[in-house]
């Protein structure tokens with residue numbers, strides 16, 4: 321008997337009527353196929369969440385209901401780690417082709433800029449500036465909207481009160497603490513008048529980030545020791 | 014909460030439960046494992062703090078009923094009924110904890126450990142799998158979502174000469190094992206105390 325995917329999702333998001341939930345539970349207590357169908361729906365739900373494919377309503381429900389459970393937060397972190405583990409191996413043989421494709425896209429964009437006078441970076445580069453102080457409440461997190469044509473995400477860090485001698489390094493972590501990217505950050509000398517003073521910037525391949533919330537950390541290295549300078553939350557929205 | 018009944022009541026109940034599940038001991042073991050999995054999932058999906066322990070508590074109560082001579086016509090339905098009661102108790106206990114002291118650290122901390130080196134644990138747990146199982150996990154999760162994921166998994170099932178359902182089922186079990194392994198490694202030392210005591214019924218054959 322086929323299972324109603326939407327009904328299974330409603331159950332997992334705590335939106336099913338109690339009578340429907342009970343009926344489904346009786347079914348999966350009695351039949352292995354029903355249990356597997358719910359488990360599969362859960363896996364799809366997590367995949368969709370991590371890929372930024374959930375619409376606003378279900379995403380909010382997922383975060384407020386499903387992720388309210390520690391077990392579920394651990395599971396999402398686990399699946400994210402599993403995907404991170406599986407992804408690079410899958411792409412190993414594709415890497416040369418991807419580089420070539422990226423070079424062709426850059427060349428094509430360059431040609432468009434030359435022909436039409438389009439501002440450099442439009443479409444292919446997304447920029448976001450992170451405040452030096454992380455606000456815990458009130459005010460939304462900075463947001464980076466990454467479209468299908470986006471290649472690079474440029475993250476700029478506002479200058480804080482701490483001294484920040486080079487070399488600088490940035491790391492991107494999921495809210496569960498799994499590191500998804502790490503790379504060098506370049507100091508920025510001087511900022512346009514009237515804008516906040518900027519400290520550094522880093523360039524991240526846009527393909528690294530799925531939709532969701534991330535913690536961005538900026539480090540410096542002093543006497544062989546890594547010292548954290550700033551920590552911000554960034555929301556990535558996949559368009 | 015239920016405790017060991019005098020005179021080995023729990024063991025007798027467990028033996029009755031197994032016999033009721035299937036006269037063949039091996040098949041009864043498999044059926045018992047399936048029932049435990051359904052219970053654990055039920056508590057997990059309903060947001061209980063400790064799904065494994067709630068599942069064990071439910072099995073203990075089911076075994077106790079059988080030891081008392083209660084006639085059970087439908088084991089799965091009876092297990093579901095008992096599980097719903099255990100869940101209610103779990104919700105109430107949580108409510109009481111919060112009522113007594115709202116500042117009391119929750120049995121389940123709000124955030125997963127932020128710096129948990131999950132990938133490191135995952136590596137170690139993947140190493141613990143057979144080579145073929147490890148390759149299967151990596152191949153299964155190579156495509157993250159959407160149509161490409163579905164097509165890739167269909168191709169994988171074809172290569173292994175399995176039906177899509179059989180592959181999914183095999184992966185589900187592998188994933189459960191991996192997840193439990195990662196959780197054990199990541200949670201060592203910082204897991205909250207068990208609500209119903211240590212887990213009593215270990216999955217068969219693991």
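Chains as they are written, first to last, in the numbering used here: chain P, 321 to 559; chain L, 14 to 219.
For each residue, glycine too, the CB sits at the ideal point set by N, CA and C.
Problem set entry | Short CB-CB distance (under 8 Å) between residue 45/L and chain P | Indexing the second chain from 1 puts residue 45/L at position 32. Taking CB atoms only, residue 45/L has no neighbour in chain P less than 8 Å away.
For this session: Say whether chain L places a C-beta atom closer than 8 Å to the C-beta of residue 348/P.
Result: Numbered from 1 along the first chain, position 28 holds the residue referred to as residue 348/P. Yes, residue 348/P lies at the interface with chain L (some Cβ there is under 8 Å from its Cβ).
Exercise. Run through DSSP, which three-state label would residue 323/P get?
Worked result: The residue labelled residue 323/P in the question sits at position 3 within the first chain. If DSSP states are grouped into helix, strand and coil, residue 323/P belongs with coil.
Problem set entry | Closer than 8 Å at the beta carbon, the chain P residues around residue 167/L | The sequence position of residue 167/L within the second chain is 154, counting from 1. Neighbours of residue 167/L on chain P: none; closest Cβ ~14 Å, over 8 Å.
Exercise. Would you report the Cα separation of residue 52/L and residue 44/L, rounded to the nearest angstrom?
Worked result: Residue 52/L sits at position 39 when you count from the first residue of the second chain. Residue 44/L sits at position 31 when you count from the first residue of the second chain. Using only the alpha carbons, I get a separation of about 12 Å.
Problem set entry | Test item: CB-CB of residue 156/L and residue 165/L under 8 Å | What you label residue 156/L is simply residue 143 of the second chain in a count that begins at 1. What you label residue 165/L is simply residue 152 of the second chain in a count that begins at 1. In contact: residue 156/L and residue 165/L (Cβ atoms closer than 8 Å).
Problem set entry | Under the three-state DSSP convention, the category residue 418/P falls into | What you label residue 418/P is simply residue 98 of the first chain in a count that begins at 1. Because the pLDDT of residue 418/P is 42, which lies under 50, any placement of that residue in the model is unreliable, and the number read from its coordinates should be weighed accordingly. In this structure, residue 418/P counts as helix in the three-state DSSP scheme.
Exercise. In terms of DSSP beta bridges, what is residue 534/P paired with?
Worked result: For the purposes of this step, residue 534/P is identified with residue 214 of the first chain, where counting begins at 1. In DSSP, residue 534/P forms a bridge with 494/P, 554/P.
For this session: Measuring only between beta-carbons, confirm whether residue 151/L sits less than 8 Å from chain P.
Result: For the purposes of this step, residue 151/L is identified with residue 138 of the second chain, where counting begins at 1. Yes, its Cβ sits closer than 8 Å to a Cβ of chain P.
For this session: Using a Cβ cut-off of 8 Å, pull out every chain L residue sitting near residue 552/P, in sequence order please.
Result: For the purposes of this step, residue 552/P is taken as the residue at position 232 of the first chain. None at all; the shortest Cβ gap to chain L is about 14 Å.
Exercise. Sorry if obvious, but does the Cβ on residue 176/L come closer than 7 Å to a heavy atom of the ligand MN?
Worked result: The ligand MN is not part of the structure shown, which contains no ligands of any sort.
Exercise. Based on Cα-Cα distance, which residue from 391/P, 483/P, 505/P, 532/P lies nearest to residue 195/L?
Worked result: On the second chain, residue 195/L is found 182 positions in, with the first residue counted as 1. Selected option, being the one with the closest Cα: 391/P.
Exercise. Per DSSP, what kind of secondary structure is residue 25/L in: helix, strand or coil?
Worked result: Position 12 of the second chain, counting from 1, holds the residue named residue 25/L. Note: residue 25/L maps to helix in three-state DSSP.
Problem set entry | Cβ-Cβ separation, residue 93/L to residue 345/P (assumed contact under 8 Å), whole Å | Here residue 345/P corresponds to residue number 25 of the first chain, with the count starting at 1. Here residue 93/L corresponds to residue number 80 of the second chain, with the count starting at 1. Between residue 345/P and residue 93/L a beta carbon distance of about 6 Å is seen, short of the 8 Å cut, so the two are scored as contacting.
Exercise. Under 8 Å, do residue 374/P and residue 50/L count as touching if we go by C-beta distance?
Worked result: The residue you call residue 374/P lines up with position 54 of the first chain. The residue you call residue 50/L lines up with position 37 of the second chain. The Cβ-Cβ distance between residue 374/P and residue 50/L does not fall below 8 Å.
Problem set entry | CB of residue 518/P within 8 Å of CB of residue 479/P, strictly | Position 198 of the first chain holds residue 518/P. Position 159 of the first chain holds residue 479/P. Yes, these two residues count as a Cβ contact at 8 Å.
Exercise. Can you tell me the Cα-Cα spacing of residue 405/P and residue 143/L, whole angstroms?
Worked result: Locating residue 405/P in the first chain gives position 85, counting from the first residue. Locating residue 143/L in the second chain gives position 130, counting from the first residue. Distance from the CA atom of residue 405/P to the CA atom of residue 143/L, rounded to whole angstroms, is 17 Å.
Exercise. Taking Cβ positions only, does residue 381/P come closer than 8 Å to chain L?
Worked result: Numbered from its first residue, the first chain carries residue 381/P at position 61. No, no contact with chain L.
Exercise. Would you call residue 492/P buried or exposed, if buried means 16 or more other Cβ atoms sit within 10 Å of its Cβ?
Worked result: Start at 1 with the first residue of the first chain, and residue 492/P comes out as number 172. By the C-beta density criterion, residue 492/P is buried, having at least 16 other C-beta atoms within 10 angstroms.
Exercise. Residue 192/L versus chain P: which residues are under 7 Å apart at the beta carbon?
Worked result: For this step, residue 192/L is matched to residue 179 along the second chain. The answer, in chain order, is 395, 398.
Problem set entry | Separation of residue 74/L from residue 336/P, as counted between CA atoms | Taking the first residue of the first chain as position 1, residue 336/P is located at position 16. Taking the first residue of the second chain as position 1, residue 74/L is located at position 61. The alpha-carbon atoms of residue 336/P and residue 74/L are separated by roughly 28 Å.
Exercise. Near residue 535/P, which residues of its chain fall below 7 Å by C-beta distance, leaving aside the five closest residues on each side in sequence?
Worked result: Position 215 of the first chain, counted from the first residue, corresponds to residue 535/P. Closer than 7 Å at the Cβ level, and outside the excluded window around residue 535/P, lie 493, 495, 551, 553.
Exercise. Leaving out the 5 sequence neighbours to the left and right, which residues in its chain are closer than 6 Å to residue 559/P when beta-carbon positions are compared?
Worked result: Position 239 of the first chain, counted from the first residue, corresponds to residue 559/P. Hits under 6 Å: 465, 467.
Exercise. Shorter than 8 Å from the beta carbon of residue 402/P to some beta carbon of chain L?
Worked result: In the first chain, counting from the first residue as 1, residue 402/P sits at position 82. It does; some Cβ of chain L falls within 8 Å.
Exercise. Should residue 79/L be labelled buried (16 or more other beta-carbon atoms within 10 Å of its own) or exposed?
Worked result: Against the second chain, residue 79/L aligns to sequence position 66. Around the Cβ of residue 79/L, a 10 Å sphere holds 16 or more other Cβ atoms; the residue is buried.
Exercise. Within 10 angstroms of its Cβ, does residue 540/P collect 16 or more other Cβ (buried), or is it exposed?
Worked result: Translated into the one-based positions of the first chain, residue 540/P becomes position 220. Per the 10 Å Cβ criterion, buried.
Exercise. Any C-beta of chain L sitting closer than 8 Å to the C-beta of residue 548/P?
Worked result: Within the first chain, the letter at position 228 stands for residue 548/P. Residue 548/P does not count as touching chain L.
For this session: May I ask which residues mark the beginning and end of the alpha helix (DSSP H) holding residue 149/L?
Result: Against the second chain, residue 149/L aligns to sequence position 136. Its alpha helix (DSSP H) spans residues 144-153.
Exercise. Excluding the five sequence neighbours on either side, which residues of its own chain have a C-beta within less than 6 Å of the C-beta of residue 488/P, listed in chain order?
Worked result: Here residue 488/P is taken as the residue at index 168 of the first chain, counted from 1. Contacts found: 505, 520, 540.
Exercise. With a CB to CB cut of under 7 Å and the five nearest residues on each side skipped, what residues in its chain are close to residue 329/P?
Worked result: Along the first chain, one-based indexing puts residue 329/P at 9. Result list for residue 329/P: 361, 365, in chain order.
Exercise. Just the Cα atoms here: how many angstroms apart are residue 38/L and residue 48/L?
Worked result: By 1-based counting over the second chain, the position of residue 38/L is 25. By 1-based counting over the second chain, the position of residue 48/L is 35. Their Cα atoms are separated by approximately 15 Å.
Problem set entry | Limits of the alpha helix (DSSP H) - the one that residue 378/P falls within | Against the first chain, residue 378/P aligns to sequence position 58. Counting along the chain, the alpha helix (DSSP H) containing residue 378/P begins and ends at 376-384.
For this session: Using beta-carbon positions only, say whether residue 28/L and residue 131/L come within less than 8 Å of one another.
Result: By 1-based counting over the second chain, the position of residue 28/L is 15. By 1-based counting over the second chain, the position of residue 131/L is 118. Going by C-beta atoms, residue 28/L is not nearer than 8 Å to residue 131/L.
For this session: Tell me, to the nearest whole angstrom, how far the beta carbon of residue 185/L is from that of residue 177/L; I am working on the premise that it is less than 8 Å.
Result: Counting from one through the second chain, the residue named residue 185/L turns up at place 172. Counting from one through the second chain, the residue named residue 177/L turns up at place 164. Wrong, their Cβ atoms sit about 12 Å apart, outside the cutoff.
Exercise. Span of the alpha helix (DSSP H) holding residue 161/L?
Worked result: Along the second chain, read from residue 1 onward, the residue named residue 161/L stands at position 148. Looking at the DSSP string, the run of the alpha helix (DSSP H) that includes residue 161/L is 159-172.
For this session: For residue 197/L, count neighbouring Cβ atoms within 10 angstroms of its own Cβ and tell me buried if that reaches 16, exposed if not.
Result: For the purposes of this step, residue 197/L is taken as the residue at position 184 of the second chain. By the 10 Å Cβ count, residue 197/L comes out exposed.
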